[in-house]
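Participant: The structure under discussion is supplied below as structure tokens; questions concerning it will follow.
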Amino acid sequence: MLTLYHNALSTCSQKVRLVLDHKGIAFESKEIDLISGGQHDADYVKLNPNHVVPTVVDDGHVLIESTLINEYLDDAYPEVPMRPADAVGRHTVRMWGKKLDQKVHPATGVVTFAIGPRNILLQQPEEVRDANINAIPDPARRAARRSVIEHGVKAPEFEGALRAMIGLLDDMEETLSPGAWLSGQSFGIADAGVLPYVLRLDHVAMGSLIEARPALAEWYSRVQALPAYATAVDGWLPAPVVEMFRNNGKAVWSDVEPLTR
Ligand SMILES: N[C@@H](CCC(=O)N[C@@H](CS)C(=O)NCC(=O)O)C(=O)O
């Protein structure tokens with residue numbers, strides 16, 4: 192059976208779980224605690240040298256990078272196809288993946304850590320927090336993490352990151368205005384890839400940015416009505432943590448709102 196190393200709230204894990212569940216692929220779950228630093232555990236790093244989730248092990252093959260994992264799943268388990276068959280449609284899917292990986296994901300990390308788990312991290316003993324930050328291998332990511340934990344939404348990285356996420360919402364609104372899904376005629380890996388980032392904005396009390404875009408808002412409801420959403424996303428969400436993210440988001444909204452205009 193396929194093994195998934197993942198985390199309940201992690202965006203990249205959610206997008207892989209969405210594809211696994213939509214395709215009906217059973218998996219053995221190995222949860223990694225990202226707050227206590229499980230991603231830096233020596234045995235885990237042997238599987239994923241980037242110190243991040245998710246990682247899939249399928250038939251002895253170790254697969255990392257969520258966008259590529261989802262393409263792999265669609266190749267290896269084609270019974271429920273999640274990409275258009277034509278070359279242009281597939282290019283569209285890859286464009287969404289590239290945008291998420293290059294721009295949206297790093298921006299989401301900044302927005303998330305400036306708001307969501309910041310209080311918890313600030314309560315950790317300084318040496319524990321520092322050790323986990325110092326273990327992040329990518330220097331840019333490490334510096335951004337330190338900055339947003341320290342300064343929250345006042346960190347210099349925050350506004351640009353928020354604008355990148357708003358750019359995603361605008362791109363989605365434009366694509367979805369004539370269509371129900373981001374590529375092709377049904378829920379696909381482009382939709383699964385993007386959903387966790389939209390959800391994250393919702394979790395940090397920025398749902399009004401979604402509601403202000405009608406085609407996006409309809410797509411969001413459409414995805415949330417899918418059986419795979421209930422099992423792959425909702426079923427894993429720890430309600431108290433989501434509530435904490437939302438309360439933290441509400442607490443900083445007066446600082447954030449002017450940056451959304
Ligand atoms: N490009 C990677 C990014 C993975 C990633 O950043 N995962 C996050 C959770 S969504 C993580 O494990 N973060 C742990 C950390 O930054 O310490 C992918 O798509 O798989």
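Every letter in the sequence shown is one number past the one before it in our numbering, and letter 162, counting from 1, is 353.
Ideal Cβ placement from N, Cα and C applies to all residues, glycine included.
Closest to Thr422 by CA distance: which of Asn438, Ser204, Asn325 is it?
Facilitator: Among Asn438, Ser204, Asn325, the Cα nearest to that of Thr422 is on Ser204.
Participant: Classify Ser399 as helix, strand or coil using the three-state DSSP reduction.
Facilitator: DSSP places Ser399 in helix when its eight states are reduced to three.
Participant: Measure the alpha-carbon distance for Asp232 versus Leu211 and round it to whole angstroms.
Facilitator: Whole-angstrom Cα-Cα distance: 25 Å.
Participant: Spatial neighbours of Gly384 within its chain, please: C-beta separation below 8 Å, excluding the five flanking residues on both sides.
Facilitator: Around Gly384: Lys206, Ser257, Thr258, Asn261, Trp287, Gly288, Leu291.
Participant: Which residue marks the beginning of the beta strand (DSSP E) containing Tyr196, and which one marks its end?
Facilitator: Looking at the DSSP string, the run of the beta strand (DSSP E) that includes Tyr196 is 193-197.
Participant: Kindly indicate the opening and closing residues of the beta strand (DSSP E) around Ile255.
Facilitator: Where Ile255 is concerned, the enclosing beta strand (DSSP E) stretches over 252-255.
Participant: Let me check you understand the geometry: is the CB of Asn198 closer than 8 Å to at least one non-hydrogen atom of ligand 1?
Facilitator: Checking the Cβ of Asn198 against ligand 1 gives yes.
Participant: Using a 10 Å radius around the Cβ and a threshold of 16 neighbouring Cβ atoms, would you call His213 buried or exposed?
Facilitator: That one is buried.
Participant: How is the alpha helix (DSSP H) around Thr202 delimited, first residue to last?
Facilitator: Taken as a continuous stretch (DSSP letters only), the alpha helix (DSSP H) holding Thr202 covers 202-214.
Participant: On the criterion of 16 or more Cβ atoms from any shown chain inside 10 Å, does Gly440 qualify as buried, or is it exposed?
Facilitator: Result: buried.
Participant: Under a Cβ-count criterion, where at least 16 other Cβ atoms within 10 Å of its own Cβ denotes burial, should Ile327 be classed as buried or exposed?
Facilitator: That one is buried.
Participant: Nearer than 8 Å: is that true of the beta carbon of Asn323 relative to any heavy atom of ligand 1?
Facilitator: At least one heavy atom of ligand 1 is nearer than 8 Å to the Cβ of Asn323, so yes.
Participant: Does ligand 1 have a heavy atom nearer than 8 Å to the CB of Ile380?
Facilitator: No, the beta carbon of Ile380 sits no closer than 8 Å to any heavy atom of ligand 1.
Participant: Kindly provide the ranges of any alpha helix (DSSP H) runs that are 4 or more residues long and lie completely inside the segment 314-350, ordered along the chain.
Facilitator: Fully enclosed alpha helix (DSSP H) runs of 4 or longer: 317-325, 330-342.
Participant: Given that a residue counts as buried once 16 or more other Cβ atoms are within 10 Å of its Cβ, and exposed if not, what is Pro245?
Facilitator: Burial call: buried.
Participant: Taking the alpha helix (DSSP H) that Phe436 falls in, what are its first and last residues?
Facilitator: First-last of the alpha helix (DSSP H) with Phe436: 430-447.
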